[in-house]
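Working notes, structure below.
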Amino acid sequence: MPPPVSLSRSLETCSEEASSSPSVNVRAGATTRTQKTKTSSGNKKRGRVATLKTRPEVEQIFEGLSFFYIPDNDIAPVRRLRINRAKEFGAEWTRDMMTATHVIVEKKLVYKDVEKLWPKDGFGDRAPPKVVNEDYPLDCIQFRAIVDPGQKKYLLDGQVTTETKDKEVLLPTSGVVDSGPGTKSKASSLPLKPQHHNKRKWDYVPPRGTPSQGEESSLMKSLPKANARSKTPPKKDDELSEFISMMQEFKDLPLDVDEDDDAQSTSVGSQHQVDLDQGSGSENERPSKRRSSRRVRPTNKAITFKDRFACNRAGRKDAGQDNPNARTIEMLQKMNSYYERVNDHWRTLAYRKAIGTLKQQTVKITTEEEAYRLPSIGRRLAQKIEEIVTTDKLKRLEYAEEEPTNSALQTFLKIYGVGNKVAQQWIAQGWRTLDDIKQHVKLTPSQMVGVEHYDDLNTRIPRKEVTALGEVVKRAAAKMDPMVQLIIGGSYRRGAESSHDIDFIVTKPGTESVAHLKSFLNTLVAQLERDEFLVARLASSRAGSDGSKWHGCCVLPKIKGLNDDDEEYRPIWRRIDFLLVPEVELGAALIYFTGNDIFNRSMRLLASKKGMRLNQHGLYRDVLRGPDRVKVTEGELVERRDERRIFEILGVTWREPWERWC
DNA sequence: GGGCAGCGCAC
DNA sequence: GTGCGC
DNA sequence: GCCC
């Protein structure tokens, strides 16, 4: 039925996708669309358009494509609806597979069902149609773009994919590889090798039916031995997971209750999930609608827990590299920094938590509902995640990044002492570069340092150097008072390969208040300044106050064996902090200054759930809070000296510092 | 619709 | 008190 | 932004 014209157009249109070159990224839906928009004025009087709504030309994303449906009829109301919808967006419904560009297969069917209809002699010179499940057109419509048909979520059961990573290798994925004209017809006729049955069925939310299983399997992948999954995950794991879940979900599960309700609620939640999702999934027309069905994640700990596991890995800054969701994370991080820039504190927080969740996933999250199940990922973020996965971009982000002031904002915010307020102000005044600032703006002393040493201070410090810096300070300190302890906290204590700054916790046995340490710090700082190790003060406790911290900059001197052979040696300015901690508070302080901050927040949240309060000074109980959580009493001190004890009392299994990446 | 940590220091 | 950093 |  489709005239040759249509066919060739089809081929042309999807040439990217059908290309034999695997390196071509197929996701350029936009390209395809624009191209089509231009030509669409040509001939597009599709057959039975009578009852169809007319979509604006720009929405004719399927223009030139023809869909062959399996089953090949529109008897089922749902399928008819979908077919019509595809037509609204420019698709042609063909009843002849030879002319189809896409074969849309009902989800219940498996790849074998397609094979039966597949022409024995292949498709000759043309590329075989792409075989996708019924979600494919819906997603295209949702995103108003031709998305990559090779994505896992569009595969049928039994359909083989070579897709492993995410972006590269897109083409061969759907199996609908065009092996090229030269190849055997066999190859093109049966591109998918059903024999390689992929045991696993990711297609739709693998974990959905049995969340725990799904999770476990992913766990096994990433932590093969650490959590010898077997049957009895150490109790520790549960607690850890639970704990972590607290970190990311502020007010979730009442820990207090958890002793009684946990197992049950878990399984119940899972069951529900299956039903709801499947039911709605097969009958709703629009994906967005289907997916917006209420989340079935009722205090769903099982999921939450396990999702947290991966958190254990000592994450370096590049810890996301191998993550299957790397691309998604990358995009969300951009959104995150965008919101940071525009001063949207809470959105920033939300994105950070969502990113944290995603980082812990060991399988790629491809659909909205998969994402939605995860903690700290709500409807909006889940939609964005799916948009990223399917279109490889994010419209909202593109708008955001178009804002001309964007880069300036980014620049200014990296100046020490400059936050959103000031940065926005400067921008409003028309400044865009550091030079502008240097010339026109009156800076505070801190900001001055921040500007003058902008590059240095925004360069991460290799772990080795942190160690070296630590040695310098410790040596000087030991000379003055051998009893004083200096502990390097922050990301260094968590085992980071590089740090943004170096934090010293300064303490000494027998001290009960920072006052006992102040004079020491003053002496130490004075000495280190004389040594020209400390080169700037940014914030330091004043004489009168009960000051407990000192922020400044230091430089690493030449050290034999470390950097003395480097003729390029240049003292790089580094951020350095001293935090005075009386020995009695050391445990609480260590927790606080080791972080990371998400970890800390959850600890505090956990404490608060248990009627306790945790801060850098200690763990308190029976905190009375008035309306609006206003603290009425300090509460009774429970523990502050012993880091492990604080974990214990909170009912949390001990976690080494390097296990506190969240 | 409200909370999302809370504190020390600079200004 | 606000802004900022942690 | 998310969660309750």
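As numbered in full-length UniProt numbering, residues 1 to 662 make up the first sequence, in order. Even glycine gets a Cβ: it sits at the ideal position worked out from N, Cα and C.
By DSSP, does residue i sit in helix, in strand, or in coil?
i: Glu92; result: strand
i: Met483; result: coil
i: Ser602; result: helix
i: residue 728; result: Residue 728 is absent from the model: the chain starts at 1 and stops at 662.
i: Asn420; result: helix
i: Lys343; result: In the sequence as displayed, the identity of residue 343 is Asn instead of Lys. Note: Asn343 maps to coil in three-state DSSP.
i: Ser608; result: helix
i: Asp148; result: coil
i: Pro56; result: coil
i: Asp392; result: coil
i: Phe412; result: helix
i: Ser446; result: helix
i: Arg645; result: helix
i: Ile427; result: helix
i: Ile104; result: strand
i: Pro462; result: strand
i: Asp178; result: Note that Asp178 has pLDDT 32, beneath the 50 cutoff, so the model's placement of it is unreliable and the number below is only indicative. It is coil, neither helix nor strand.
i: Gly495; result: coil
i: Ser66; result: strand
i: Asp157; result: strand
i: Thr507; result: strand
i: Asn73; result: coil
i: Ile303; result: The predicted model places Ile303 with a pLDDT of 35, which falls under 50 and marks its position as unreliable, so this point remains unresolved.
i: Arg79; result: helix
So is residue i buried or exposed if we call it buried at 16+ other beta carbons inside 10 Å?
i: Ile75; result: exposed
i: Pro324; result: buried
i: Met480; result: exposed
i: Tyr416; result: buried
i: Tyr339; result: buried
i: Asn600; result: buried
i: His453; result: buried
i: Ala145; result: buried
i: Glu63; result: buried
i: Glu512; result: exposed
i: Gly618; result: buried
i: Gly90; result: buried
i: Glu583; result: buried
i: Thr101; result: buried
i: Ala515; result: exposed
i: residue 673; result: The chain is shown only over 1 to 662; residue 673 falls outside these bounds and no answer can be derived.
i: Asn73; result: exposed
i: Tyr399; result: exposed
Considering only residues of the same chain and omitting the five flanking positions on each side of residue i, which have a CB-CB separation below 6 Å?
i: Ile572; result: Asp456
i: Gln616; result: Ala588, Ala589 and Tyr592
i: Asp531; result: none
i: Ile141; result: Phe89
i: Thr367; result: Lys153 and Glu386
i: Arg645; result: Glu639
Might you give, ordered along the chain, the residues of its own chain that have their beta carbon closer than 7 Å to the beta carbon of residue i, omitting 5 neighbours on each side?
i: Asn336; result: Thr348, Tyr351, Arg352 and Ile355
i: Ile329; result: Gly320, Asn323, Ile355, Leu358 and Lys359
i: Thr444; result: Gly417
i: Gly510; result: Glu583
i: Met483; result: Lys508 and Pro509
Are the beta-carbon atoms belonging to residue i and residue j less than 8 Å from one another?
i: Ile502; j: Ile487; result: no
i: Leu469; j: Arg621; result: no
i: Phe520; j: Val472; result: no
i: Val638; j: Leu606; result: no
i: Ala526; j: Cys553; result: no
i: Leu52; j: Glu88; result: yes
i: Ile427; j: Leu409; result: yes
i: Leu517; j: Ala477; result: no
i: Glu465; j: Leu556; result: yes
Leaving out five residues before and five after residue i in sequence, what residues of the same chain have Cβ atoms less than 8 Å from its Cβ?
i: Ile377; result: Ala354, Thr357, Leu358, Ala371 and Ile385
i: Ile70; result: Val103, Ile104, Val105, Glu106, Leu109, Asp113, Val114 and Leu117
i: Thr594; result: Gly489, Gly490, Arg493, Arg494, Pro657 and Arg660
i: Asn596; result: Ser491, Arg494, Arg660, Trp661 and Cys662
i: Thr433; result: Ala408 and Thr411
i: Ile388; result: Arg327, Thr328, Met331, Leu332 and Leu394
Problem set entry | Those runs of the alpha helix (DSSP H) which lie wholly inside the region 512-597 and span at least 4 residues | 515-530 and 586-594
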